[in-house]
Amino acid sequence: MLLPLKPILENMEPTQSPTTRVPAWGTLPPELRLMILEALTRLPRGWAAHASVCKEWQAALEKDTFRRLKLRVSCLDNVETVISPQRSRLVRHVWLNIELRPYTCRNCHLTESYSWWCANNAVIRSAVRKLFAVLSRWPAADGAGLTLELSAQSPSDKEHYFKNLYFGGPGEDEDEDSEPDDRPGRGSPLSDDNPTEYLQQDIKHGWVGSRQVFAPDASAILRMFSEIDLGFREELPRVHAVTRFAIRRQCRRQFSPRTLGYLFDRLPRLRSLVYEPWKWYKRAPTYHYDDEYEKLIESHLPQSLKHLSIFEETNERYIALIREAFLPHGLGPDWVRTPSPAVGAALAERSLGLETLSATFIVEARDFFQSRRPDWVWEGLTSLVLTSRMLTSAANREDVTGLLRSAAAAALSMPRLHTMVLWNGIEGTACKFSYRAESGRASIAWRGTWDLGLEDEVVDAWGKVAHKRTGLDLGVIHEPRIVEHVDCHAHAIALLGLPGGVVDPISLLQMQREAVSSWREGRT
Numbered sequence: 001m002l003l004p005l006k007p008i009l010e011n012m013e014p015t016q017s018p019t020t021r022v023p024a025w026g027t028l029p030p031e032l033r034l035m036i037l038e039a040l041t042r043l044p045r046g047w048a049a050h051a052s053v054c055k056e057w058q059a060a061l062e063k064d065t066f067r068r069l070k071l072r073v074s075c076l077d078n079v080e081t082v083i084s085p086q087r088s089r090l091v092r093h094v095w096l097n098i099e100l101r102p103y104t105c106r107n108c109h110l111t112e113s114y115s116w117w118c119a120n121n122a123v124i125r126s127a128v129r130k131l132f133a134v135l136s137r138w139p140a141a142d143g144a145g146l147t148l149e150l151s152a153q154s155p156s157d158k159e160h161y162f163k164n165l166y167f168g169g170p171g172e173d174e175d176e177d178s179e180p181d182d183r184p185g186r187g188s189p190l191s192d193d194n195p196t197e198y199l200q201q202d203i204k205h206g207w208v209g210s211r212q213v214f215a216p217d218a219s220a221i222l223r224m225f226s227e228i229d230l231g232f233r234e235e236l237p238r239v240h241a242v243t244r245f246a247i248r249r250q251c252r253r254q255f256s257p258r259t260l261g262y263l264f265d266r267l268p269r270l271r272s273l274v275y276e277p278w279k280w281y282k283r284a285p286t287y288h289y290d291d292e293y294e295k296l297i298e299s300h301l302p303q304s305l306k307h308l309s310i311f312e313e314t315n316e317r318y319i320a321l322i323r324e325a326f327l328p329h330g331l332g333p334d335w336v337r338t339p340s341p342a343v344g345a346a347l348a349e350r351s352l353g354l355e356t357l358s359a360t361f362i363v364e365a366r367d368f369f370q371s372r373r374p375d376w377v378w379e380g381l382t383s384l385v386l387t388s389r390m391l392t393s394a395a396n397r398e399d400v401t402g403l404l405r406s407a408a409a410a411a412l413s414m415p416r417l418h419t420m421v422l423w424n425g426i427e428g429t430a431c432k433f434s435y436r437a438e439s440g441r442a443s444i445a446w447r448g449t450w451d452l453g454l455e456d457e458v459v460d461a462w463g464k465v466a467h468k469r470t471g472l473d474l475g476v477i478h479e480p481r482i483v484e485h486v487d488c489h490a491h492a493i494a495l496l497g498l499p500g501g502v503v504d505p506i507s508l509l510q511m512q513r514e515a516v517s518s519w520r521e522g523r524t
């Protein structure tokens, strides 16, 4: 509960009455002082200036002020002046948002030129090098550790076709409170208090009122998803302070797997990774990137890693526009992502050392389970969430049964497993199969836009898992069929009630808000 802080502070100031004595801060009861300090940290920005009142205020306000840092490139030269080694222990989240070169309407509808791409990569390379140099001098902290987040965007990305999208730029996160695990805020260009700040009338780029009424240019889409490929001439220093690394979906420019591998090699104490890349829309073959992903998983994920969440985001409408523009030349992305079996096998083996794993669309669940060797045991794995393109209403029933039995066979080698979810969700359809073991009971369930009666052999296979885990019989839950039309991935995730960790909650909120106003064929 917030105290009426202003009257309290006013009452502590001297008055003109010679008979009135204002109590000193130290004479107030400890409980009251604590309530005042807690109220201070919850007030809007600007109260940090009062840290000079006394050491107790300084300690409380600095803890809140430095807990979460969002840095621009221009901040990097002065970070060490402001953040001393002692203060660095207060920092829980460092988010470097790298602002790239602006562009005008003259080329907003064109892909990024090679010279422009090189210049932007040079900016990113320099910024990352400076940041790693600073963080390498921060001591490794116990407890919550330090999250490092990276994003890169041009201020012009929002000014033309993509006014409603999130890029991580200024003003997108300043209005909302942080999440309990120290995520940055969730400000929205579609917030009710200022709904037209970003969505002005702009017929040239398809915006009428608060909606995009005609499609963006395909080349403009590709520009937004330009690759980030950093070749460091000088070796980056190791950073021992960072225990969590994040690239969320708002970073639409795509760090190459090779670049990510180099960064991960410099984070030897990394325990948690949140990676939300977009589907590669470039005209290079998908297998080229799959080969790099396989190497990344096999050789560059630190052994210290325990929690891994990968969510490959996509937009079916973008795919349609790019294919229409480039297919006459024999180019364009595939309609549906076909995951590489080699990537699935690599992730399955690497998951032997994990505690939680969620992998969305980047691997196929069937490949994951089929690569299992008889001697594999996932000693520490407690939660596993995977997607499968086999889970559709038109799928062969025997194939689905085989997938669910393979999952049960793997679960027998996961002694600490309490959650497994296999799901799929695209526009028009969504489903999940779930296994949960909690409070001494184990159960399986199906939920989707169509009903799937679980075969006896599936129930028997999971019954063995339940008995081994709890010593009790398996519960089978029949959830009601989803009757709503599924609009997008975000809608599917919400309808299915997927467990936390599939996608960052702020990313999910952004997905939902973007879907409201983005162009959709047939909508005016």
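59 is the number that the UniProt record's numbering gives to position 59 of the sequence shown; each next residue is one higher, with no gaps. Where is the CB? At the ideal position from N, CA and C, for every residue including glycine.
For residue i, three-class secondary structure by DSSP
| i | result |
| --- | --- |
| E514 | helix |
| Q250 | coil |
| E355 | coil |
| I426 | strand |
| S383 | strand |
| F162 | coil |
| C202 | Reading off the sequence, residue 202 comes out as Asp, not Cys. Note: D202 maps to strand in three-state DSSP. |
| Q303 | coil |
| W207 | strand |
| S113 | coil |
| R431 | The sequence given here places Cys at residue 431; Arg does not occur at that position. Three-state DSSP puts C431 in a strand. |
| L150 | strand |
| G501 | coil |
| G145 | coil |
| T81 | helix |
| G261 | helix |
| T401 | helix |
| T360 | strand |
| E324 | helix |
| E292 | helix |
| T470 | helix |
Whether residue i touches residue j by CB criterion (8 Å)
| i | j | result |
| --- | --- | --- |
| Y262 | F311 | no |
| E313 | W278 | yes |
| V465 | L412 | yes |
| N164 | S517 | yes |
| P216 | L267 | no |
| I297 | I221 | no |
| K306 | L347 | no |
| W462 | A395 | no |
| F368 | G344 | yes |
| P139 | A218 | no |
| T429 | S393 | yes |
| F66 | V91 | yes |
| V260 | I124 | It should be pointed out that residue 260 corresponds to Leu in this sequence rather than to Val. No. Outside cutoff. |
| R258 | E112 | no |
| C105 | Y161 | no |
| W423 | L308 | no |
| L404 | V363 | no |
| S154 | Y103 | yes |
Beta bridge counterpart(s) of residue i as assigned by DSSP
| i | result |
| --- | --- |
| S443 | R436, G475 |
| K70 | W95 |
| T419 | S383, R436 |
| E227 | Q254 |
| S272 | R244, H307 |
| residue 526 | Look at the range of the chain in this structure, 1 to 524, and you will see that residue 526 is not part of it. |
| E313 | W278 |
| G448 | C431 |
Top-ranked residue by Cα proximity to residue i, from the options
| i | options | result |
| --- | --- | --- |
| L381 | Q370, S351, R372, R366 | S351 |
| G475 | Y435, R481, H489, G448 | Y435 |
| S358 | C108, L273, R67 | L273 |
| G171 | L508, I477, R72 | R72 |
| D157 | A345, R253, V503, S126 | R253 |
| I319 | S126, P333, L454 | P333 |
| V486 | P155, F369, L472, W450 | W450 |
| Q510 | L496, T147, C488 | C488 |
| Y275 | H93, S406, S439, Q250 | Q250 |
| C118 | N424, E227, A365 | E227 |
| G440 | T243, D142, T470, K282 | T470 |
Assumed close pair residue i, residue j - CB separation to whole angstroms, cut-off 8 Å
| i | j | result |
| --- | --- | --- |
| V400 | P499 | So it is not a contact: roughly 21 Å between Cβ atoms. |
| L76 | L131 | 6 Å |
| V483 | I493 | With 8 Å as the limit, V483 and I493 do not qualify as a contact, their Cβ atoms being about 17 Å apart. |
| L150 | I247 | 6 Å |
| G453 | R481 | 12 Å between Cβ atoms; not a contact. |
| V134 | E80 | 6 Å |
Neighbour flag for residue i against chain D, beta carbons, 8 Å
| i | result |
| --- | --- |
| A325 | Protein chains in the displayed structure number just one, and chain D is not present. |
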